[in-house]
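Numbering (the numbering used here), first residue to last: 24 to 165. Glycine included, every Cβ here is placed at the ideal spot set by N, Cα and C.
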């Protein structure tokens, strides 16, 4: 009896941490997205300093990060689906980073993109762990 109560307390703490963390990620992504929209309406382009012949692959990590934040928002209702969306898109971002910007180039410059991607991925992992614990608890009660 006490053991299931302790598991429930740990689950609720982990859920609270995951929701706060994902809320911060969602707020930051919405702030960045709203800034891009304001620039689009004000200047006619989302980035007035864009250069010609800009490689398309450099657009993918911000897009995947934003979609990961949407996955974290979905995880508030559907833990597994939202968590897996965030984890998969962050994993794709890591693959892009490893191929396009390897760590051997300049580690001080690359701490930010790798760290931000990890910052987005961790709450997704927490939501999947919560879903797993919830299903394990349900199966043990049967």
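Helix, strand or coil for residue 158 per DSSP? Walking along the chain shown from the start, residue 158 turns up at place 135. Three-state DSSP puts residue 158 in a helix.
So, helix, strand or coil for residue 107, using DSSP? Walking along the chain shown from the start, residue 107 turns up at place 84. Reduced to three states, the DSSP call for residue 107 is helix.
Please confirm if the segment 119–138 is in contact with the segment 104–111, defined as three or more CB-CB distances below 8 Å between the two stretches. In the pairwise beta carbon analysis, the segment 119–138 is classified as not touching the segment 104–111: fewer than three pairs are separated by under 8 Å.
How long is the line joining the alpha carbons of residue 57 and residue 130, rounded to whole angstroms? Numbered from 1 along the chain shown, position 34 holds the residue referred to as residue 57. Numbered from 1 along the chain shown, position 107 holds the residue referred to as residue 130. Rounded to whole angstroms, the gap between the alpha carbons of residue 57 and residue 130 is 30 Å.
Candidates 154, 162, 161 and 142: closest to residue 49 by CA position: For this step, residue 49 is matched to residue 26 along the chain shown. Among 154, 162, 161 and 142, the Cα nearest to that of residue 49 belongs to 142.
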